[in-house]
Amino acid sequence: MRAVGLLLLGFLYSVAPAGRAEIIDRIAVSIGNSVITTSELDREIRVTAFQNGEKPDFSPAHRREVAGRMVDQQLIRREMDLSSYPLPDPMEAEPLLEQLRMSRYPSNAEFQKALADYGITEQDVKDELLRQLTLLRFIEGRFRPGVHVSEQEIEDYFEKQIKPSAQSSNPAQPPTLENFRNRIEESLAEKRTDQEVENWLADVRKRTEIVFHQGVFE
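So in the numbering used here the end of the sequence shown lands on 748, straight run, no missing numbers.
#1: Buried or exposed: residue 660, going by 16 or more other Cβ atoms within 10 Å of its Cβ?
#2: Any heavy atom of the ligand FAD closer than 7 Å to the CB of residue 590?
#3: In whole angstroms, what separates the C-alpha of residue 574 from that of residue 596?
#4: Nearest to residue 752 by alpha carbon, out of 567, 561, 562, 563?
#5: As a quick exercise: from 689, 740, 648, pick the residue whose alpha carbon is nearest that of residue 577.
#6: Enumerate in chain order the residues of its own chain whose CB-to-CB distance from residue 655 is below 8 Å, with the five nearest sequence positions on each side excluded.
#7: So residue 668 and residue 615 are in contact, right, with Cβ under 8 Å, and what is the actual spacing, rounded?
#8: Beta-carbon within less than 8 Å of residue 600's beta-carbon, same chain only, minus the 5 sequence neighbours each way: which residues are those?
#9: Could you check how far apart the C-beta atoms of residue 617 and residue 731 are, in whole angstroms? I think they sit under 8 Å.
#10: Could you have a look at residue 664 and say whether DSSP puts it in helix, strand or coil?
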């Protein structure tokens with residue numbers, strides 16, 4: 531029954547005026563019982579490119595890379611659903627959108643034109659910003675509390691990574707650990723948190739049936 535269900539989900543159809551079924555979307559990735567469609571993948575590429583001020587890249591390699599990130603996002607979202615993790619208020623995306631607009635576009639007309647040029651809507655950008663905020667808060671709440679950076683690690687990083695370059699750039703003022711402590715601790719904690727997330731995702735991927743439909747990435 532499951533196989534039949536996935537087969538039926540393989541394509542989404544609309545009926546043309548003459549009664550002929552036309553394919554309007556395809557599955558790019560199957561993740562257990564959920565899917566990522568090609569339209570969702572392409573929209574993600576467009577929105578991300580818009581945020582970064584880059585030209586959308588629809589090459590097979592980049593589509594595969596973006597699809598991989600979307601898989602990880604879905605796995606995290608599934609964990610959030612299972613744990614009933616509280617979601618941000620959708621209105622929290624508004625100031626983020628305004629900040630993005632004001633940083634790049636002198637007027638709303640130019641902002642709207644840029645959206646049209648990328649083939650996306652303002653709501654697409656809001657949804658992406660809210661998704662990013664949701665993932666960030668989940669990671670900070672789920673993984674960051676268990677991360678500990680020792681004093682020895684901070685000192686070692688200072689001696690090996692900070693002190694040599696700081697002394698070279700300003701020999702008259704020797705650097706001190708205290709001037710860099712918070713920055714070093716934050717950097718090390720972020721790297722360790724990222725590693726914890728990746729380790730968790732690697733384990734979840736192993737336990738989840740994930741299928742990349744190769745025709746989409748060729």
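Ideal Cβ placement from N, Cα and C applies to all residues, glycine included.
The structure says:
#1: Buried is the call here.
#2: The model depicted lacks the ligand FAD and carries no ligand whatsoever.
#3: 8 Å
#4: No answer is possible for residue 752: the residues shown for the chain start at 531 and end at 748.
#5: 648
#6: So the list reads 577, 580, 581, 627, 630, 645, once near-sequence residues are dropped.
#7: 6 Å
#8: Correct list, in chain order: 559, 566, 570, 571, 574.
#9: The Cβ separation is near 20 Å, so there is no contact.
#10: helix
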